[in-house]
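To keep things clear, I will list the structure first and then write my remarks on it.
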Amino acid sequence: MDTRPPAPFGTVLTAVLTPFAEDGSVDYGVFWKLIRHLADNGSDGVVVTGTTGESPTLSKPEKIALFKAAVEAAGDKMKVIAGTGTYNTAESVALTEQAAGVGVDAAMAVTPYYSKPPQAGLVAHFTAIAEASDLPLMLYNIPGRTARLIEVETLVELAQHDKIVAVKDAVGDHEFTSRAIKELPEGFAVYSGDDGRTKDIIYANGVGVVSVASHFVGKQIQKLIAAVVAEDHDEANRIQEKLSPMFEALFVEPSPMPLKAGMNALWDRVGDPRLPLVPGSAETTERIKAAYETAQEV
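Numbering (the working numbering), first residue to last: 137 to 434.
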């Protein structure tokens, strides 16, 4: 019998990019179209204004407008998780309250960056966000970007809060993740925050992935997870091999530079990143094109 925890927001969540028009403004029309595209191509939900959505360069009004557009475009086809975390607790609380007001299904809060708070500060920060609304909350543990790890003991403490139901794990340490999954309470969901580690995290009893690659290969990632859950190891390894070139290509330059270059070439014009990020290189674009062709063999 499968003892895997339930996936509260679905199995494949796309960390959706934010399209920009030529004048640098948010292109809400393309964003709407993209949400519909993802709903039809393997995504169970979207995380809006996360790292991939270039949240540090978005204003609060832009974020709220994106949340609202995502809710309207998604309808009842998939979940919408609002990226509301910043390094400012009061701002994160206010953004979470506003996100709840436009009808998102959940919020995601990244570990506060730059200020490097102690573990007690993380508990207080995330608790304040969790209590800002009735939304379920996903934590986002990514020390490579924030310079602060949410320790296993802190995750376990936070998981006692009835609103804190999941974590996006982008720690990059399988031993850490396996220990966290074993020690977290029953029903708490661990999502992979790294496409390349999804297979291993699902094997360790994780529930899904917050994916960048699902912009291109959402259906194939669903097949990968299904193979792991079915314990079809040969099929899981075969799919992983076909998808690995895409997983790798999307991070040869700072994300989402490669993603936007690839989407501009393979889907529709989503614009360039906002500064300080710059457009992805021609070499990166060609690598993503080749990876996309390989992924079609799944």
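Just so it is clear, CB atoms sit at the ideal spot from N, CA and C, and this is done for glycine as well.
Taking the C-beta atoms as reference points, Val238 is found no nearer than 8 Å to Leu273. Nearest C-alpha to Glu198 among Lys215, Ser179, Thr220 and Lys213: Thr220.
Around the beta carbon of Arg423, 16 or more other beta carbons lie within 10 angstroms, which makes this residue buried.
Contact annotation: Asp330 and Ala306 have beta-carbon atoms nearer than 8 Å. Bridge pairing for Ser328: Asp305 and Val345 [DSSP]. Assigned with DSSP and collapsed to three states, Ile217 falls in strand. Put simply, of Gly280, Gly178, Val182 and Ser191 the residue whose alpha carbon is nearest the alpha carbon of Trp168 is Val182. In the DSSP secondary-structure assignment, Met274 is bridged to Met244 and Ala302. Here Val184 really is in contact with Leu202; their C-beta atoms are around 5 Å apart, less than 8 Å. According to DSSP, residue pairing for Gly146 in a beta bridge involves Pro144. About 18 Å separates the CB atoms of Phe145 and Asp176; that is not less than 8 Å, and the two are not in contact.
Segment contact: the stretch 279–287 against the stretch 246–257, three or more CB-CB distances shorter than 8 Å; contact assigned. With the rule of 3 Cβ pairs closer than 8 Å, the stretch 395–409 counts as touching the stretch 153–167. Per DSSP, Val152 lies in no alpha helix (DSSP H) segment and is marked neither H nor E.
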